[in-house]
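K.L.:
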Amino acid sequence: MDSSPSEQAGEQRLQKILAVAGVGSRRACEELIAAGRVMVNGRRARLGDRVDPRTAEIYVDGERIVTDTTKIYLALNKPRGVVSTMSDDRGRPGLADLLGQGPNAAPGRPPLPGRVYHVGRLDADTEGLLLLTNDGELAHRLTHPKYEVPKTYVAEVPGPVPRHLGRVLKQGIELEDGPAKADSFRVIDATPRKALVEITLHEGRKHIVRRMLEHVGHPVSRLIRIQVGPVRLGDLKPGRWRHLTRTEVSALYAAAGDRSPGAGLSRGAQRGSRRVEDRRNVG
Ligand code: URA
Numbered sequence: 549m550d551s552s553p554s555e556q557a558g559e560q561r562l563q564k565i566l567a568v569a570g571v572g573s574r575r576a577c578e579e580l581i582a583a584g585r586v587m588v589n590g591r592r593a594r595l596g597d598r599v600d601p602r603t604a605e606i607y608v609d610g611e612r613i614v615t616d617t618t619k620i621y622l623a624l625n626k627p628r629g630v631v632s633t634m635s636d637d638r639g640r641p642g643l644a645d646l647l648g649q650g651p652n653a654a655p656g657r658p659p660l661p662g663r664v665y666h667v668g669r670l671d672a673d674t675e676g677l678l679l680l681t682n683d684g685e686l687a688h689r690l691t692h693p694k695y696e697v698p699k700t701y702v703a704e705v706p707g708p709v710p711r712h713l714g715r716v717l718k719q720g721i722e723l724e725d726g727p728a729k730a731d732s733f734r735v736i737d738a739t740p741r742k743a744l745v746e747i748t749l750h751e752g753r754k755h756i757v758r759r760m761l762e763h764v765g766h767p768v769s770r771l772i773r774i775q776v777g778p779v780r781l782g783d784l785k786p787g788r789w790r791h792l793t794r795t796e797v798s799a800l801y802a803a804a805g806d807r808s809p810g811a812g813l814s815r816g817a818q819r820g821s822r823r824v825e826d827r828r829n830v831g
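Read in order, the letters of the sequence shown are residues 549 to 831 in our numbering.
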């Protein structure tokens with residue numbers, strides 16, 4: 549049978565698109581549309597709507613639902629010694645190697661099919677969570693100073709850590725390129741000689757955590773980023789990556805100040821929605 553003009557244009561039924569994106573069964577998605585909880589390109593959707601999943605901006609209860617199946621969102625645990633570039637002209641291991649795409653890629657793991665770009669950087673000596681995506685809009689928002697999302701680090705520093713250190717860092721200190729301040733600070737573990745501290749801040753200047761802690765007399769010997777906005781490193785092993793869940797991608801859009809029509813729509817109607825987690829979670 550010949551396909552209709554809208555199918556030829558890449559359009560599909562909205563409930564099918566939402567179901568494929570993992571929002572729920574087709575039936576549940578029909579109910580969401582009928583209840584007026586779905587916005588498409590700034591307008592409330594209606595049952596029977598057909599849209600192009602590659603280009604439509606879709607929100608359910610104010611949460612961005614990415615339906616373009618060519619979009620890739622990854623969390624990577626960058627080990628110490630790996631540079632935060634796809635490839636390095638000095639031949640050091642880079643991010644492409646960890647994705648199975650570089651000259652130093654470990655054998656035996658299938659390469660990630662598709663190109664992604666890292667969202668911001670970590671120092672070569674810093675370990676932990678790095679996000680990668682081919683979604684230029686989200687990457688831009690996550691790195692733009694206007695939207696900078698909070699990032700949390702665990703640092704190993706010389707002890708003892710005085711009780712007032714958190715207050716000093718939260719009030720703000722003066723670095724050579726301007727003031728810097730922590731959103732939160734706590735000591736996780738301490739012996740007289742060594743301490744593990746957790747620090748959260750929402751800016752991305754170069755070496756910022758190392759410089760702040762050095763400034764207050766506690767130079768960092770090990771630094772691990774454990775969270776970026778709503779995304780946690782969790783138990784991801786060094787050198788491994790995973791796909792973000794649909795919920796994490798929606799939460800990243802929200803954390804990065806999504807103000808599009810449809811974003812942040814009343815959540816009152818959320819009760820009873822049948823949500824399922826993204827099943828694309830590859831290790
Ligand atoms: N702050 C640092 O000092 N280094 C990083 O890699 C990230 C934040």
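Note that the Cβ used here is the ideal one computed from N, Cα and C, for glycine as well.
All of these numbers come straight from a predicted model, not from anything done at the bench.
Please confirm whether any heavy atom of ligand 1 lies closer than 7 Å to the CB of residue 674.
P.N.:
Counted from its first residue, the sequence shown places residue 674 at position 126. Residue 674 Cβ: within cutoff of ligand 1.
K.L.:
Measuring only the C-alpha atoms, how far is residue 791 from residue 808?
P.N.:
The count along the sequence shown starts at 1 and reaches residue 791 at position 243. The count along the sequence shown starts at 1 and reaches residue 808 at position 260. Approximately 25 Å between the Cα atoms of the pair.
K.L.:
If we count the other Cβ atoms within 10 Å of its Cβ and call it buried at 16 or more, is residue 561 buried or exposed?
P.N.:
Against the sequence shown, residue 561 aligns to sequence position 13. Counting Cβ neighbours within 10 Å, residue 561 comes out buried, since at least 16 surround it.
K.L.:
Scan the stretch 721-758 and note each continuous beta strand (DSSP E) run of 3 residues or more that stays entirely inside, going in chain order.
P.N.:
Listed in chain order, they are 721-723, 726-728, 732-738, 742-749.
K.L.:
Indicate the three-state DSSP secondary structure (helix, strand or coil) for residue 702 in the structure shown.
P.N.:
Position 154 of the sequence shown, counted from the start, is the residue given in the question as residue 702. Residue state, collapsed to three classes: strand.
K.L.:
Tell me which residues share the same chain as residue 787 and place their Cβ nearer than 6 Å to its Cβ, disregarding the 5 neighbours each side in the sequence.
P.N.:
Walking along the sequence shown from the start, residue 787 turns up at place 239. Excluding positions up to five away in sequence, the list reads 627, 646.
K.L.:
Using the beta-carbon count (16 or more within 10 Å), is residue 743 buried or exposed?
P.N.:
Translated into positions along the sequence shown, residue 743 becomes position 195. Classification of residue 743: buried, given that the 10 Å Cβ count is 16 or more.
K.L.:
Roughly how many angstroms separate the alpha carbons of residue 587 and residue 712, rounded to a whole number?
P.N.:
By 1-based counting over the sequence shown, the position of residue 587 is 39. By 1-based counting over the sequence shown, the position of residue 712 is 164. Taking the straight line joining both Cα atoms gives about 48 Å.
K.L.:
List the residues that DSSP assigns as beta-bridge partners of residue 667.
P.N.:
Taking the first residue of the sequence shown as 1, we reach residue 667 at position 119. DSSP lists 679 as partners of residue 667.
K.L.:
Check the DSSP bridge columns for residue 587 and list the partner residues they point to.
P.N.:
As a first step, residue 587 must be located in the sequence shown, where it is residue number 39. In the DSSP output, where bridge partners are listed per residue, residue 587 has 592, 607.
K.L.:
Per DSSP, which one or two residues make a beta bridge with residue 563?
P.N.:
For the purposes of this step, residue 563 is taken as residue 15 along the sequence shown, with counting starting at 1. BP columns for residue 563 are empty, so no partner.
K.L.:
When DSSP labels each residue in this structure, what does residue 812 get in the three-state scheme?
P.N.:
Reading the sequence shown from its first residue, position 264 is the one you call residue 812. In the structure shown, residue 812 sits in coil (DSSP, three-state: anything other than H, G, I, E or B).
K.L.:
Enumerate in chain order the residues of its own chain whose CB-to-CB distance from residue 763 is below 7 Å, with the five nearest sequence positions on each side excluded.
P.N.:
Sequence index remark: in the sequence shown, residue 763 carries index 215 (1-based). Here the set comprises 721, 723.
K.L.:
Considering residue 619, what are the terminal residues of the alpha helix (DSSP H) in which it resides?
P.N.:
By 1-based counting over the sequence shown, the position of residue 619 is 71. First-last for residue 619: undefined, no H or E at that position.
K.L.:
Taking the alpha-carbon positions, what's the residue 597 to residue 559 distance?
P.N.:
Mapped onto the sequence shown, residue 597 falls at position 49. Mapped onto the sequence shown, residue 559 falls at position 11. Cα to Cα, the separation comes out at about 9 Å.
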